[in-house]
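In terms of numbering that gives the first Met the number 0, the sequence shown has 39 at position 40, counting the first letter as 1, and numbering is strictly consecutive. We treat Cβ as the ideally placed atom computed from N, Cα and C, and that holds for glycine.
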Amino acid sequence: MTGLGVLVTEPWADFGLVDSGGGRKLERHGRFRFIRPEPQAMWAPASPDWRADGEFVGGSDEEGGGRWQLNSNVPDRWAMQRPTPAGPVAFWASNTPFRHLGYFPDMGAQWDWLQAAIRPGDRVLNMFGYTGVGSLVAARAGAQVTHVDASKKSVAAARENAALSGLAEAPIRWIVDDALKFLRREVRRGSRYHGLIFDPPKYGRGPDGEVWQLERDLPELVDLARQLLADDARVCVLTVYAIRLSALALQPLLEQALGPRGGRIEVGDMGVREEARGLILPTAIFARWSAL
Ligand SMILES: C[S@@+](CC[C@H](N)C(=O)[O-])C[C@H]1O[C@@H](n2cnc3c(N)ncnc32)[C@H](O)[C@@H]1O
Numbered sequence: 000m001t002g003l004g005v006l007v008t009e010p011w012a013d014f015g016l017v018d019s020g021g022g023r024k025l026e027r028h029g030r031f032r033f034i035r036p037e038p039q040a041m042w043a044p045a046s047p048d049w050r051a052d053g054e055f056v057g058g059s060d061e062e063g064g065g066r067w068q069l070n071s072n073v074p075d076r077w078a079m080q081r082p083t084p085a086g087p088v089a090f091w092a093s094n095t096p097f098r099h100l101g102y103f104p105d106m107g108a109q110w111d112w113l114q115a116a117i118r119p120g121d122r123v124l125n126m127f128g129y130t131g132v133g134s135l136v137a138a139r140a141g142a143q144v145t146h147v148d149a150s151k152k153s154v155a156a157a158r159e160n161a162a163l164s165g166l167a168e169a170p171i172r173w174i175v176d177d178a179l180k181f182l183r184r185e186v187r188r189g190s191r192y193h194g195l196i197f198d199p200p201k202y203g204r205g206p207d208g209e210v211w212q213l214e215r216d217l218p219e220l221v222d223l224a225r226q227l228l229a230d231d232a233r234v235c236v237l238t239v240y241a242i243r244l245s246a247l248a249l250q251p252l253l254e255q256a257l258g259p260r261g262g263r264i265e266v267g268d269m270g271v272r273e274e275a276r277g278l279i280l281p282t283a284i285f286a287r288w289s290a291l
C-alpha cells in the first residue's frame, strides 16, 4: 500500500518558525530568534519587522559560504529540549558555519513517528546521525542504538547531547565511519536491525575521504538497508534535503527493495508549521517503510 503525504512538524516550547517570506525565515531556537535564508519562502512575510538576535547572511545555497551576524548576547551554545512521548531529549544548539543550528527541527514529526513504532530492546541504526537527536529519541524509547557519522566532531557532539539528556549510560554505540563502508561490513557480518534511520546529505565525505554522492549512492544504500532489516523489523526512514529530487522518485526505490515485505510505504514532503499564519514551509522529502 502506498500513500503520498505531507509530514508537518508543529512548533514546540523550544522551537518555532515564527514568520517567513521574502526568501527568508525567522525562527525561535530556545530563547534566541534567528533569521536564515529560505529560497522557498517566496511569499510576503506576515510582519514587516522581525526582531532577531542574529542573521545568517550571504551564501547562495547550503554549502555556498555566508556567515552569521550575531548580537553580543548570543553564547557559543545553549541547551534546548525536544519533548517526546517517552520523555524529553536535550541537546546543545549553536550557530554553525553551514547556517545550521546544530540540529534539524523539521525532523520532529519523523522522530515522533519513529519513536511510536519502535519497542524497548529494538536495535536501531541512525546513519548520518549528526548530533544525535534522532539517536536520543530512539534511546528514550528503550532501543539499543547504533549511531554512525563520518564526522568525529558530530559524534562527539552527539555524545555530549546524550550526557545532557541523562542518557550517557544508555545502550548507544557511537561510530565514526563512512556510511556505505559501515553498511557493507554490517551485511557481511549478518547484523540485523528493527529500525533504520537514514538522513544523508546531498554530498559528503567519509573519514578517509570516501565520497558520498546521493543520486549515485542511494540505490546501494537502500539495497543494503533491505539486507539489514530483521525479519521482525518495524521501520525504515529515509529523509533527503537540499536536492532537486521529488519524493515520488524515492517511491519505486523503496517499493522494489521493501515492497515484498508487505507493510506500508509512504513518501512525501516534510515541512514546518509557521506560527504567524499556520502555513507550511517545505524543508525536505522523505520515504519510509513500516511493518504496520
Ligand atoms: C543532514 S546531516 C544529518 C542530520 C541528522 N540526521 C539529524 O537529524 O540531526 C548529514 C550528516 O551526514 C554526515 N556524512 C556526510 N558524508 C558521510 C559519509 N560518507 N558517511 C557517513 N556520514 C556522512 C555528515 O557528517 C552529517 O553529520
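Verify whether the separation of the beta carbon atoms of glycine 262 and serine 289 is less than 8 Å.
yes
Looking at serine 46 and ligand 1, is the gap between the Cβ and the nearest heavy atom below 7 Å?
no
Whole-angstrom Cβ separation of glycine 203 and alanine 156, contact assumed at under 8 Å?
With 8 Å as the limit, glycine 203 and alanine 156 do not qualify as a contact, their Cβ atoms being about 16 Å apart.
To the nearest angstrom, how far is the alpha carbon of methionine 0 from that of tyrosine 240?
Any reading at methionine 0 needs caution, since the residue's pLDDT is 43, under 50, leaving its predicted position unreliable; the model's value is listed next. Roughly 25 Å separates the two Cα atoms.
What span of residues does the beta strand (DSSP E) with arginine 66 cover, start to end?
Arginine 66: member of the beta strand (DSSP E) spanning 66 to 69, first to last residue.
Evaluate lysine 152 with the Cβ neighbour count: other Cβ atoms within 10 Å of its Cβ, from every protein chain shown; 16 or more gives buried, anything less gives exposed.
By the 10 Å Cβ count, lysine 152 comes out exposed.
Leaving out the 5 sequence neighbours to the left and right, which residues in its chain are closer than 7 Å to alanine 85 when beta-carbon positions are compared?
Gln114, Arg139 and Ala140
Counting only beta-carbon separations shorter than 8 Å, does tryptophan 67 have a partner in chain D?
The chain inventory of the structure shown lacks chain D, comprising one protein chain alone.
Quick check on phenylalanine 55: does DSSP put it in helix, strand or coil?
strand
DSSP on lysine 201, reduced to helix/strand/coil?
coil
Only counting the same chain, and skipping five residues up and downstream in sequence, which positions put a Cβ closer than 8 Å to that of valine 73?
Phe31, Asp52, Gly53 and Asn94
With respect to the alpha helix (DSSP H) encompassing glutamate 214, which residues constitute its N-terminal and C-terminal limits?
213 to 227
What are the boundary residues of the beta strand (DSSP E) that aspartate 18 is part of?
14 to 20
Would you tell me roughly how many angstroms separate the C-alpha atoms of proline 104 and leucine 6, rounded to the nearest one?
13 Å
Roughly how many angstroms lie between the CA atoms of glutamine 68 and glycine 57, to the nearest whole one?
10 Å
Roughly how many angstroms separate the alpha carbons of methionine 269 and aspartate 13, rounded to a whole number?
19 Å
Just verifying my parser: in three-state terms, what is the DSSP assignment at valine 154?
Helix.
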